[in-house]
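All residue numbers for the sequence shown refer to this note's numbering, where the first residue is 397 and numbers rise by one.
Here is the structure we will look at, set down as structure tokens.
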Amino acid sequence: MENNGQKLPKELVYDRGGKGKSEIKGVKISIPSTPRKKDTAYQKQTKRKKFRTRAAIEPIIGHLKTDFRLAQNYFLGETGPQINALLSATAWNMKKMMEILKEKIFFLFYKIQIMLFPNPVFKNKLNSGFC
Numbered sequence: 397m398e399n400n401g402q403k404l405p406k407e408l409v410y411d412r413g414g415k416g417k418s419e420i421k422g423v424k425i426s427i428p429s430t431p432r433k434k435d436t437a438y439q440k441q442t443k444r445k446k447f448r449t450r451a452a453i454e455p456i457i458g459h460l461k462t463d464f465r466l467a468q469n470y471f472l473g474e475t476g477p478q479i480n481a482l483l484s485a486t487a488w489n490m491k492k493m494m495e496i497l498k499e500k501i502f503f504l505f506y507k508i509q510i511m512l513f514p515n516p517v518f519k520n521k522l523n524s525g526f527c
């Protein structure tokens, strides 16, 4: 990452399965553990918040791996994994945008139906006792 002009992060939040070094090339690796007695309530809360945000991302990563073929890297080279992740994230965001668009279109059709037909047919049937 340093060769590509990108800076290394200061801290990396990892899950409990990560064993080994606590620091690599100046990057601190944080693993969830029981809080120390000397930690203040604020320190405990910030640590908990960091690890919860990582835990919230895990289901999304699982969906990306299964739904958008992220389990295997299909591109070669150093930038291959980055391209694969970018395309998968783009597909995920487009899926979310399409769901929002679908809701808006259904709402628009409903409003048009109410404007064109203020007295729907099924309302007459309910009043006459056919249902």
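Quick reminder that beta carbons are idealized off the backbone N, C-alpha and C, glycines included.
All values reported here derive from a predicted model rather than from experimental measurement.
Under 7 Å between C-beta atoms of residue i and residue j
i	j	result
residue 416	residue 427	no
residue 487	residue 464	yes
Per-residue DSSP class, three states only, for residue i
i	result
residue 527	Interpretation of residue 527 is limited by its pLDDT of 48, a score under 50 that renders its predicted location unreliable; the figure taken from the coordinates is listed afterwards. Coil, per DSSP.
Delimiting residues of the alpha helix (DSSP H) encompassing residue i
i	result
residue 474	Segment: none, residue 474 is in no alpha helix (DSSP H) and carries neither H nor E.
residue 460	437-463
Span of the beta strand (DSSP E), counted from its first residue to its last, around residue i
i	result
residue 408	407-409
residue 424	423-426
Spatial neighbours of residue i in its chain, beta-carbon cut-off 7 Å, leaving aside the 5 residues before and after
i	result
residue 510	none
residue 453	none
residue 503	none
Nonlocal neighbours in the same chain, by C-beta distance under 6 Å from residue i, ignoring five residues either side
i	result
residue 467	461
residue 402	none
Cβ shell of residue i (< 8 Å), same chain only, five flanking positions each side left out
i	result
residue 419	425
residue 423	404, 405, 406, 407, 408
residue 484	460, 464, 465, 466
Count the CB pairs spanning the stretch 487-500 and the stretch 467-475 that are closer than 8 Å, and state whether there are at least three.
no
Check whether the stretch 425-443 touches the stretch 401-415, taking contact to mean three or more Cβ pairs, one atom from each stretch, closer than 8 Å.
yes
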